[in-house]
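The sequence shown maps to residues 236 to 414 in this note's numbering.
Beta carbons are placed, not taken as given, at the ideal position from N, Cα and C, and that holds for glycine.
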Amino acid sequence: MSIGRAFEGVPVNGIVMVTIREARPEDAGLLHEALLALARHTGDEDKVESTPDDLLHYGFGTHPAFQALIAEVDGRFAGMCLSFASFSTWRGQPGIYVQDLYVADAFRGRRIGERLLKAAASRGYARGARHLRLSVERANISAQAFYERVGIHHSREEQIHMMRGEQFKAFAQRGTGSE
């Protein structure tokens, strides 16, 4: 059973029909537009370096680096959830990591974000995932409140560290493993 069929025709506020489906290669541009809108919402649009071609290549090639779900209301794009498989060595079990969750302004407050998260969790669970993780920008207070409301709680046990760009390239080029 596909995700689209599993959630097709779910009423939102008793009126509108929501369909959640797996993203297709032709959705790469739409996904990228949603990422830009999300970045605008958090004031980080200048930080987006990806292109629709990157999403097409890495999300829909022979070894996809991520999966994406799209929510539609009456055939119109309403939101998306982009996630990928993860693994917890301490728990000894796979999970999913939600990289991006976006709901268009016109569709907020209708539980579409919650439906997208549940669809991603359901899909991950069917593939063996036993936990869900995500990170949220410190300044995105509304997203933090949303995640708490749906039961995804802030973990004080961990802190994210990051390396990217030229620093990562130099670090990676020094680490051949034969030193």
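Self-check item: Alpha carbon of valine 245 to alpha carbon of leucine 369, nearest angstrom
Solution: Reliability fails at valine 245, whose pLDDT of 48 lies under 50, so the model's placement of it is uncertain and the value that follows must be treated cautiously. Approximately 25 Å, taken between the alpha carbons.
Quiz item: What's the gap between the Cα of valine 247 and the Cα of glycine 278?
Solution: In this prediction, valine 247 scores a pLDDT of 49, lower than 50, which makes its location untrustworthy; the coordinate-derived value is nonetheless stated afterwards. Computed Cα separation, rounded: 29 Å.
Quiz item: Under the rule that 16 or more other beta-carbon atoms within 10 Å means buried, what is aspartate 262, buried or exposed?
Solution: Flag for aspartate 262 reads buried.
Self-check item: lysine 282 and alanine 269 closer than 8 Å at C-beta
Solution: Pairing lysine 282 with alanine 269 gives a Cβ-Cβ distance that is not under 8 Å.
Practice problem: Taking only heavy atoms of the ligand SAH into account, decide whether any of them is closer than 7 Å to the Cβ of histidine 276. | Solution: Looking for the ligand SAH in the displayed structure turns up nothing, as the structure carries no ligands at all.
Practice problem: Excluding the 5 residues preceding and the 5 following isoleucine 238 in the sequence, name in chain order all residues of the same chain whose CB lies nearer than 7 Å to its CB. | Solution: Here isoleucine 238 scores only 31 on pLDDT, less than 50, and its place in the model should not be relied on; the value that follows carries that caveat. Excluding positions up to five away in sequence, the list reads Ile255, Arg256, Glu257, Leu304, Ala354 and Arg358.
Quiz prompt | Helix, strand or coil at glycine 400 [DSSP, three-state] | solution = Glycine 400: helix per DSSP, three-state reduction.
Quiz item: Quick one: what's got a C-beta closer than 6 Å to leucine 317's C-beta in the same chain, skipping five residues either side?
Solution: Phe301, Ala303, Gln334 and Asp335, listed in sequence order.
Self-check item: Separation of alanine 405 from leucine 271, as counted between CA atoms
Solution: Rounded to whole angstroms, leucine 271 and alanine 405 show a C-alpha spacing of 29 Å.
Quiz prompt | Sequence ranges, alpha helix (DSSP H) only - wholly within the stretch 278–356, length at least 4 | solution = Listed in chain order, they are 287–295.
Quiz prompt | Extent of the continuous alpha helix (DSSP H) run through arginine 418 | solution = Residue 418 lies beyond the stretch modelled for the chain, which goes from 236 to 414, so this question has no answer here.
Practice problem: Measure how close the beta-carbons of valine 253 and valine 308 come, nearest whole angstrom, since I'm counting them as under 8 Å. | Solution: Right, their Cβ atoms sit about 6 Å apart.
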